[in-house]
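A.B. asks: Each residue of the sequence shown is one higher than the one before, counting from 0 in numbering that gives the first Met the number 0. Where a beta carbon is used, it is the ideal one built from N, C-alpha and C, also for glycine. Since we're looking at a predicted model, the values are computed, not measured.
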Amino acid sequence: MQVKRSRLLAPFVAIVFAITAGVTPTLAEEKAKKKAPTLVLITNVDVWNGTSDKVQKGVDVLVEDNKIKNVAKGIKASGATVIDGKGGTVTPGLIDMHQHLTLNGGTDAGNNWDAYVQGAHASRAAEYLLKSGFTTIRDIAGNSLGIKRAVNSGVLPGPRIYSSGPALGPTGGHSDWGSWVAAPGEENYQMKVQNTFVVNGVDEMLRAGRWIFRNGGDFLKVMSGGGVASTFDPIDLNSPSLDEMKAAVQVANEYGGYVAIHGYTDAAYNKSLDAGVKSFEHGFLISEKTVKRMKKEGVWWSWQPYGSYNTFGMGNFPDWFTADMRAKGALVAKGAVQVPKWMKKHGVKIVNGSDMFGWDNWHNALVNVTYPVEIPDSPFTSLDTMKMSTSSAGQMLQELSAPSRNPFKDAKLGVVKKGAWADVLIWNGDPTRDIKLILKKDNLKMVMKDGKVYKNLLVAPTHESYRPAAAPSGHSFSM
Ligand SMILES: [Zn+2]
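(1) With a threshold of 16 other CB atoms inside 10 Å of the CB of A326, please say whether the residue is buried or exposed.
(2) Name the DSSP bridge partner or partners of W179?
(3) Tell me where the alpha helix (DSSP H) around W426 begins and ends.
(4) Where do the ends of the alpha helix (DSSP H) carrying G328 lie?
(5) Please go through the region 230 to 309 and give each complete beta strand (DSSP E) segment of 3 or more residues, from N-terminal end onward.
(6) List the whole-angstrom C-beta distance separating I425 from K444, where the pair is believed to meet the contact cut-off of C-beta under 8 Å.
(7) Can you give, in chain order, each stretch of the beta strand (DSSP E) that sits fully within the region 429 to 459 and has at least 3 residues?
(8) Which same chain residues end up closer than 6 Å to A401 when comparing Cβ atoms and leaving out the 5 residues on each side of it in sequence?
(9) Which stretch, first to last residue, makes up the beta strand (DSSP E) that contains Q117?
(10) Below 6 Å CB to CB, which residues in the same chain sit around A246 once its five sequence neighbours on both sides are set aside?
(11) Write down the C-beta distance between S278 and A266 rounded to the nearest angstrom, noting that I regard them as a contact closer than 8 Å.
(12) Hey, how far is the Cα of M96 from the Cα of S390?
(13) Give a single yes or no on whether A121 has its beta carbon closer than 7 Å to a heavy atom of ligand 1.
(14) Please tell me whether V150 and A181 are closer than 8 Å, where the distance is taken between their beta carbons.
(15) Quick one: grab the DSSP three-state call for F133.
(16) Would the region 411 to 421 and the region 35 to 53 be scored as touching if the rule is three or more Cβ pairs under 8 Å?
(17) Determine the contact status of G132 and V446, defining contact as a CB-CB distance below 8 Å.
(18) Given 7 Å as the limit, tell me if A124 has its C-beta closer than that to any heavy atom belonging to ligand 1.
(19) In whole angstroms, give me the CA-to-CA distance for L330 and D354.
(20) Can you tell me which residues form a DSSP beta bridge with N351?
(21) Would you call the region 142 to 160 and the region 371 to 390 touching, i.e. three or more CB-CB distances under 8 Å?
(22) By DSSP, does M395 sit in helix, in strand, or in coil?
(23) Going by DSSP, name the residue or residues bridged to D59.
(24) For W420, which three-state DSSP category applies?
(25) Taking 7 Å as the cut-off, is the beta-carbon of D354 closer than that to any non-hydrogen atom of ligand 1?
(26) Is P165 near P239, with beta carbons less than 8 Å apart?
(27) Any idea what DSSP makes of V22, helix, strand or coil?
(28) On the three-state DSSP scale, how would you describe R159?
(29) Report the option in V338, S163, L241, K220 whose CA atom is closest to the CA atom of N214.
(30) In this structure, what does DSSP give as the bridge partners for K66?
(31) Check whether the region 279 to 293 and the region 302 to 319 are in contact - that is, three or more C-beta pairs closer than 8 Å.
(32) Could you give the distance in angstroms between the alpha-carbon of G393 and the alpha-carbon of A322?
(33) Going by beta carbon distance, what residues of the same chain come within less than 8 Å of G73, once the five residues before and after it are set aside?
(34) For V458, which residues of its own chain have a beta-carbon under 7 Å away from its beta-carbon, when the five flanking residues on both sides are left out?
(35) Measuring only from the beta carbon, is A392 closer than 7 Å to any heavy atom that is part of ligand 1?
(36) What first and last residue would you give for the alpha helix (DSSP H) that runs through N367?
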C-alpha cells in the first residue's frame with residue numbers, strides 16, 4: 000500500500016514542483032517589472048499648464064507611468080524615452096463636458112437604431128474624440144454606463160468617461176422620447192435600453208436616481224424644463240416640480256454625486272438653484288439677475304456655444320428637426336449671443352460642452368471648443384476658451400463628486416502640473432493665442448492619455464519614441 004501510494008503521489012508532487020518552479024520566478028519578474036516605472040520625457044516644447052495666463056518657454060515634461068512627475072527646464076531622466084516635441088506647445092488634454100455617445104440618431108430618430116448599433120457607434124465616437132484631443136468627456140444623457148466601464152478599464156479606446164446614464168424628466172418633458180400615441184407610462188425603446196427615463200413624482204425620481212448610482216453613474220442629468228430637440232415640451236415648460244428636483248438632489252447627496260440640469264429659462268434655473276443643484280447646462284434664455292445669482296451661489300455653468308449659435312442660429316438643423324424644434328432653436332440662438340457678456344462680466348464658473356449627437360457629427364466637438372470666440376460680440380479670448388475646456392472642467396469634475404464617486408480622484412484633471420494625470424497634447428502652434436488652429440487635424444501632433452500615446456505625428460511609426468508607452472490594443476483610426 001505504501002509503495003502504491005507514493006507511486007500515486009509522485010506525479011502530483013512532480014506537478015506541484017513544476018508549477019512552483021515555473022511560477023515563482025515569473026511572479027518575481029513581474030514584481031521587478033512593476034518596480035521599474037515607464038519614464039517619458041517630452042523635450043523641445045513650450046508648456047501651457049491649463050491655469051496660467053502665460054505659456055512657459057522651453058520647459059520639459061517628465062511622465063512617470065500615468066502621472067506627470069515634473070514640469071521644469073532641463074530635466075534629466077535616465078532610462079526615459081524622449082519625445083522631441085519639435086518646438087510645439089504642450090497643453091492638457093481637452094475635456095468635453097456635454098457628450099451623448101449613445102444618442103446616435105438624436106432623440107426621436109434614435110428609435111431607429113437598436114442598442115447594438117448605438118453601442119458600436121458610441122465606441123467609434125469615443126475613439127474619434129480621443130484622437131481629436133479629448134482625454135476626458137462627461138456623457139450627460141444616454142446609457143453610456145457600460146461604455147464608461149469598458150473604456151475606463153482599458154477594454155475599449157476612448158477618453159476618460161464620467162457618465163450620467165439615462166436622463167430623468169417628466170411625462171411630456173425633454174427626456175420623453177415616446178410616440179404621440181403612447182399611453183401614460185408606456186415604455187419606448189429608448190427607455191428600455193436606458194437612454195432615458197420618464198419619471199413622475201418624488202418616489203419615481205428616488206428610484207430612478209438610485210438605480211443610476213447603483214449601475215455606476217457619476218451624477219444625475221435632470222431635464223428641468225423644456226428643450227429644443229424634443230417633441231412635446233415648449234421651451235418654457237416648468238416641470239418637474241420643486242419637490243421632484245429636491246428628490247434628485249437628495250439622491251445625489253446620498254450617493255456622493257451631484258445633479259446637472261438641462262434648462263433654458265429663469266424658471267428652470269431658479270427652481271434648480273432652490274433645490275440645491277450645482278451644475279447647469281444651456282441657460283441661454285436666462286436673465287442677468289439669474290446670472291448674478293449663479294455667481295453668488297458658486298455653481299457651474301456648462302454651455303454649448305456651437306450647437307446653440309451655429310446649429311440653431313444659422314439654420315444648420317439636423318434633418319429630423321420638426322418645424323416646432325426649429326422655432327425653439329431659433330429662439331435659443333438669439334440667447335446664445337446675449338449671455339456671454341454676462342458670463343464674463345459676473346465671473347460665473349464656465350465650462351464648455353459640445354452636445355453632439357447624430358451620425359458622424361463628432362468633428363463638431365472640436366469646432367465647439369473654438370466657439371466661445373466665434374459668437375458675435377463674445378468677450379471671450381482663446382485663452383479663456385482653453386481654460387473652459389481644460390482646467391476649469393477638471394476642477395468642476397473633482398469639486399462636485401465625492402472621492403468615493405469619482406473614478407479619477409487620485410490626481411488632477413485638465414492641468415499639466417506635477418502629480419496630475421498624464422493627459423497631454425502637443426500642438427503645432429499655441430492654441431491659447433489662436434484657438435482656431437485646433438481645427439486643422441495635422442496641428443495636433445501627439446495625444447497622450449493616462450501616460451499612453453494614442454496619436455503621434457512627430458516621428459515615423461518605426462521610431463523608438465512613436466509609442467513609448469503603448470495604448471491598449473484595438474485601435475483602428477489613423478488620424
Ligand atoms: Zn445635450
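C.D. replies: Reading from the atomic positions:
(1) exposed
(2) Paired residues: none, contrary to the question.
(3) For W426, no alpha helix (DSSP H) run applies; the uninterrupted beta strand (DSSP E) run containing it begins and ends at 423 to 426, by DSSP.
(4) 322 to 337
(5) 258 to 262, 278 to 281, 299 to 302
(6) 5 Å
(7) 443 to 448, 451 to 455
(8) G255
(9) Unbroken run through Q117 is the alpha helix (DSSP H), 114 to 130; no beta strand (DSSP E).
(10) V201, M204, L205
(11) Incorrect: roughly 18 Å between the Cβ atoms, too far for contact.
(12) M96 and S390: Cα-Cα distance of roughly 12 Å.
(13) no
(14) no
(15) Reduced to three states, the DSSP call for F133 is strand.
(16) yes
(17) yes
(18) no
(19) 17 Å
(20) For N351, which the question treats as bridged, DSSP gives the partners W302.
(21) no
(22) Three-state result, M395: helix.
(23) Beta-bridge pairing links D59 to A71.
(24) strand
(25) yes
(26) no
(27) Only weak support exists for where V22 lies, its pLDDT of 49 falling under 50; the coordinates are left without a value.
(28) strand
(29) S163
(30) E63, W420
(31) With a cut-off of 8 Å on Cβ pairs, the region 279 to 293 is in contact with the region 302 to 319, counting three or more such pairs.
(32) 38 Å
(33) D59
(34) S464, Y465
(35) Incorrect: A392 has no Cβ contact closer than 7 Å to ligand 1.
(36) 362 to 369
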